[in-house]
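One line per chain: the protein sequences are A and B, in this order. This note's numbering numbers the first residue of the first sequence as 494 and each following residue consecutively. This note's numbering numbers the first residue of the second sequence as 26 and each following residue consecutively. Backbone N, C-alpha and C define an ideal beta-carbon position, used for all residues, glycine too. Written below as structure tokens is the structure these notes are about.
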Amino acid sequence: MAEDPPTFEAAYRAHHRDVLRYAALMLGDPDEAADVAADAFTRAFSAWRDGRGPTGRPLPWLLVIARRLVLDRYRRRRLVRWLPLVGGERLAAAAADGATANEVWIWLAELAAALPERQREVLFLRFRRDLSDEEIGEVMGLSASGVRSLLSRAVHALREHPELSR
Amino acid sequence: MTPRDDDLSLPPAIEARLRSIDDALPPTPPWHPPTEEPRPLRVAGVRPASRGPSAAVLLVVLAAVVVAGVWLGRQPAVVPGSGDASASATAGASAPAASDGPTAPAGTTAPGRPVVEVLRGADDGDSLYARRNGCGSLVGADAATAIVFDGDDVDRAAAETGVDAGWLEVTAEGGQAVRVWLGTDPVALAVDAATPLAVIGGRGDVWLGSTERVGRWVSLTTPAGRVAWWQTGNSVAAAEGCAPARVTPVAFGGLRSITCGRLSLDACKSALDVARGAAPEAFGPDVDVVAESSCGPNNRCAAGATVDIAAVPAGWTGLDDVRAFEVGDPLLMFVVRETTADALPAHVLALVGRPSLPLPTFAAPSTGACRLARREGALQGSPWDERVAWVGTSAVRWPFGFTARFVPDLELVSPDGAVIAREGDSVVLGGGWTTEDRPTFGACSVNG
């Protein structure tokens with residue numbers, strides 16, 4: 494018996510967190526990530542409603558939309574100047590707070606300083622193992638073998654930064 | 026060369042770090058699909074054609090444009106609230122209340138009651154600047170971002186000081202002082218904080234500020250059911266060289282809040298002036314107003330597109346309290362028609378402030394044993410629906426003492442003030458079907 498096609502709402506419930514996580518890892522900012530996820534699903538809904546939904550699994554398709562928005566944000570960041578933090582108090586306070594939520598953003602900033610963007614991206618898409626190499630390639634515009642090569646380079650690069658594994 | 030499998034394995038510590046991101050992310054909010062397509066032309070006294078206005082209607086309208094253009098060309102422009110009532114003629118020739126000549130605006134901003142210009146549905150402070158000032162912005166943060174306190178702190182401080190609403194000084198863990206504002210109404214927060222601009226998002230955060238700088242506020246629900254707003258320290262400031270806004274909020278005069286959607290500030294003000302000229306009594310200092318163009322998001326306007334205006338008094342309890350107007354598009358601003366709230370697009374109504382509403386409940390506490398019938402589903406609600414809060418597709422008569430509030434998404438509150446469930450949460454009701462006309466589940470227990 495043929496399965497009913499998934500509804501958009503079902504895709505949203507199943508994958509909102511995946512899209513949000515991807516955006517958060519790429520942007521290192523939970524607020525910006527939430528904006529990107531909301532925007533991605535709004536655009537996806539419009540396409541879905543117009544019959545331009547995914548041809549395969551929804552997740553890679555949703556990540557492609559999110560990725561374009563993330564890249565837009567990267568471009569915009571180059572145009573936006575950040576005000577100086579007051580004496581580094583934010584990081585000091587975050588460190589003193591000891592909360593995982595703060596630690597992970599600081600760690601992501603360190604990771605961004607150590608690895609190029611595309612190497613980080615392939616790590617983010619690979620670590621949960623819910624996408625095949627082909628699907629990761631679909632998101633990043635690479636072949637499956639290209640994905641494996643990029644991942645291999647990322648893993649080697651990580652080994653040169655043991656401080657990130659502490 | 027093909028990489029070996031062990032070349033592709035992430036170090037466990039890295040994997041653990043990446044997995045910990047989930048702890049730092051907010052839960053998935055309920056899905057609210059974007060609503061409403063642009064609607065066909067409707068002008069005063071003319072029924073909409075099925076595929077747009079007829080040629081005859083357009084001819085009449087074009088002729089009226091010419092006549093009104095000549096008429097308006099003789100009238101001096103004025104900003105409402107400037108005090109020059111004699112020149113407030115933007116109500117236009119065909120507005121019903123304008124027959125006695127130019128109409129003064131409903132009033133100017135009352136002392137201590139600044140107008141709050143609201144951008145609902147916008148993302149953040151950046152988008153506020155883009156739309157409000159038409160310029161770039163600087164994003165920053167300060168140490169306040171890391172201040173952490175919980176709802177117990179707020180409840181304790183509120184109990185000690187006797188403050189149930191408004192400003193409250195809270196001592197967070199570690200002795201840090203946090204100033205929070207208690208209440209469910211972000212517009213009232215903006216008024217109290219004397220911050221005439223607000224962006225109200227859908228994720229429990231708002232950006233409040235002036236034309237120079239805005240800060241981000243987030244809400245926290247305490248165990249006692251209070252809603253406390255606190256400033257995170259994230260802020261946005263106007264970039265150097267940013268031109269000052271051409272229209273200041275006070276130019277909207279005499280309102281509690283104004284939300285302009287898909288409109289320039291000038292077009293928004295013009296449409297508001299026309300509606301206010303037609304029905305000045307509908308616009309006062311306790312009224313929230315939304316004006317939104319029916320043009321698409323890309324600003325391509327079909328012929329005869331309208332500006333929909335909803336004026337809602339504070340403390341409103343139903344759609345009968347909502348005054349609704351349709352004003353002709355920016356080229357046809359003199360055409361105004363008062364209509365009913367249910368004729369407005371749902372999202373325009375939804376843009377206006379969401380009040381707390383009484384739930385349909387039983388008149389007295391249940392005395393017998395709770396019957397065994399169960400109803401399970403996602404909690405849903407809308408202040409614009411007479412069911413207010415329901416489960417799945419079933420209307421519900423809730424147990425005595427339960428209430429609902431929209432902050433802005435639905436929260437179901439038990440008689441002791443605890444938040445039982447939020448919009449989208451799975452809820453289990455115990456009870457049975459009532460004998461009401463509409464299929465209604467009478468609940469004697471919620472979540473056990």
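With distance defined between alpha-carbon atoms, name the residue in the options nearest to residue i.
i: Asp313/B; options: Ser419/B, Leu290/B, Ser391/B, Pro211/B; result: Pro211/B
i: Arg157/B; options: Val261/B, Arg301/B, Asp47/B; result: Val261/B
i: Asp291/B; options: Arg301/B, Phe277/B, Ala303/B, Ala304/B; result: Phe277/B
i: Leu555/A; options: Trp598/A, Glu502/A, Val597/A; result: Glu502/A
i: Trp192/B; options: Gln201/B, Gly200/B, Ala213/B, Asp175/B; result: Ala213/B
i: His508/A; options: Leu520/A, Ala533/A, Ala647/A; result: Ala533/A
i: Ser439/B; options: Val471/B, Pro464/B, Asp217/B; result: Val471/B
i: Ser407/B; options: Gly187/B, Pro51/B, Leu435/B, Asp367/B; result: Leu435/B
i: Thr220/B; options: Thr53/B, Thr186/B, Asp180/B, Gln256/B; result: Gln256/B
i: Ser318/B; options: Asp311/B, Pro338/B, Thr284/B; result: Thr284/B
i: Trp9/B; options: Asp217/B, Gly286/B, Ala264/B, Arg287/B; result: Look at the range of chain B in this structure, 26 to 473, and you will see that residue 9/B is not part of it.
i: Ala41/B; options: Thr535/A, Arg621/A, Arg613/A, Ala530/A; result: Arg621/A
i: Leu643/A; options: Arg652/A, Leu616/A, Phe538/A; result: Leu616/A
i: Met633/A; options: Val648/A, Ala559/A, Pro523/A, Asp524/A; result: Ala559/A
i: Tyr154/B; options: Leu222/B, Leu50/B, Asp333/B; result: Leu222/B
i: Val453/B; options: Gly402/B, Asp230/B, Cys469/B, Asp441/B; result: Gly402/B
i: Asp346/B; options: Arg412/B, Ala366/B, Gln201/B, Ala182/B; result: Ala366/B
i: Ala602/A; options: Ile46/B, Ile334/B, Leu384/B, Cys293/B; result: Ile46/B
i: Thr236/B; options: Pro248/B, Ala263/B, Pro55/B; result: Ala263/B
i: Asp524/A; options: Pro55/B, Asp230/B, Ala182/B, Asp189/B; result: Asp230/B
i: Tyr567/A; options: Asp543/A, Asp626/A, Glu610/A; result: Glu610/A
i: Gln612/A; options: Tyr505/A, Pro499/A, Met519/A; result: Met519/A
Could you have a look at residue i and say whether DSSP puts it in helix, strand or coil?
i: Gly108/B; result: Residue confidence for Gly108/B is low, a pLDDT of 26 falling below 50, so the modelled location carries little weight and cannot support an answer.
i: Ser152/B; result: helix
i: Pro305/B; result: helix
i: Trp56/B; result: coil
i: Gly521/A; result: coil
i: Trp575/A; result: Unreliable placement is indicated for Trp575/A, whose pLDDT of 40 sits below 50; the coordinate value is still reported in the next sentence. Trp575/A falls in the strand class under three-state DSSP.
i: Ser407/B; result: coil
i: Glu185/B; result: helix
i: Gln201/B; result: coil
i: Ala636/A; result: Before going on, a small fix: residue 636/A reads as Ser here, not Ala. Residue state, collapsed to three classes: coil.
i: Thr465/B; result: strand
i: Asp543/A; result: coil
i: Arg613/A; result: helix
i: Val195/B; result: strand
i: Thr209/B; result: coil
i: Ser470/B; result: strand
i: Gly165/B; result: strand
i: Gly449/B; result: coil
i: Ser260/B; result: strand
i: Gln100/B; result: With a pLDDT of only 27 at Gln100/B, under the threshold of 50, the placement of this residue in the model should not be trusted; the figure read from the coordinates follows. Reduced to three states, the DSSP call for Gln100/B is coil.
i: Leu280/B; result: coil
i: Pro127/B; result: With a pLDDT of 25 at Pro127/B, under the threshold of 50, the predicted position of this residue should be treated as unreliable, and no value is reported.
Is the beta carbon of residue i sitting closer than 7 angstroms to the one on residue j?
i: Ala296/B; j: Val252/B; result: no
i: Leu605/A; j: His654/A; result: Position check: residue 605/A holds Ala in this sequence, whereas Leu was assumed. No, the Cβ-Cβ distance between Ala605/A and His654/A is not below 7 angstroms.
i: Val205/B; j: Asp178/B; result: no
i: Ser419/B; j: Phe466/B; result: yes
i: Val416/B; j: Arg399/B; result: no
i: Arg348/B; j: Ala336/B; result: yes
i: Gly250/B; j: Val444/B; result: yes
i: Ala300/B; j: Val361/B; result: yes
i: Gly176/B; j: Leu245/B; result: yes
i: Ala389/B; j: Phe427/B; result: no
i: Leu564/A; j: Asp511/A; result: no
i: Ser282/B; j: Val373/B; result: no
i: Asp149/B; j: Ser162/B; result: no
i: Ser658/A; j: Ala49/B; result: no
i: Ala468/B; j: Leu404/B; result: no
i: Pro338/B; j: Asp298/B; result: no
Looking only at DSSP bridge pairs, what is residue i linked to?
i: Ala223/B; result: Val143/B, Leu233/B
i: Arg348/B; result: Ala336/B
i: Cys285/B; result: Ala316/B
i: Val563/A; result: Partner(s): none; Val563/A has no beta bridge.
Please list, in chain order, the chain C residues whose beta carbon lies closer than 9 angstroms to that of residue i.
i: Asp149/B; result: Looking at the structure shown, chain C is missing, and the protein chains on hand are A and B.
Could you list the residues in the stretch 500-534 of chain A with a C-beta less than 8 angstroms from some C-beta on chain B, going in chain order?
Phe501, Glu502, Tyr505, Arg506, His509, Arg510, Leu513, Arg514, Ala517, Leu518, Pro523, Asp524, Ala526, Ala527, Asp528, Ala531, Asp532, Phe534
Along the stretch 37-51 of chain B, what residues have a CB closer than 9 angstroms to any CB found in chain A?
Pro37, Ala38, Ile39, Glu40, Arg42, Leu43, Arg44, Ser45, Ile46, Asp47, Asp48, Ala49, Leu50, Pro51
Under 8 angstroms, CB to CB, which of the residues in the stretch 623-650 of chain A have a partner in chain B?
Ser638, Arg641, Ser642, Leu644, Ser645, Val648, His649
Residues from the stretch 277-307 of chain B in contact with chain A, defined by Cβ distance under 7 angstroms
none
Name the residues in the stretch 414-440 of chain B whose C-beta lies less than 8 angstroms from a C-beta of chain A; which are they?
none
Pull out every residue of the stretch 233-251 of chain B whose Cβ sits closer than 7 angstroms to any Cβ of chain A, in chain order.
none
Pull out every residue of the stretch 538-555 of chain A whose Cβ sits closer than 9 angstroms to any Cβ of chain B, in chain order.
Phe538, Ser539, Arg542
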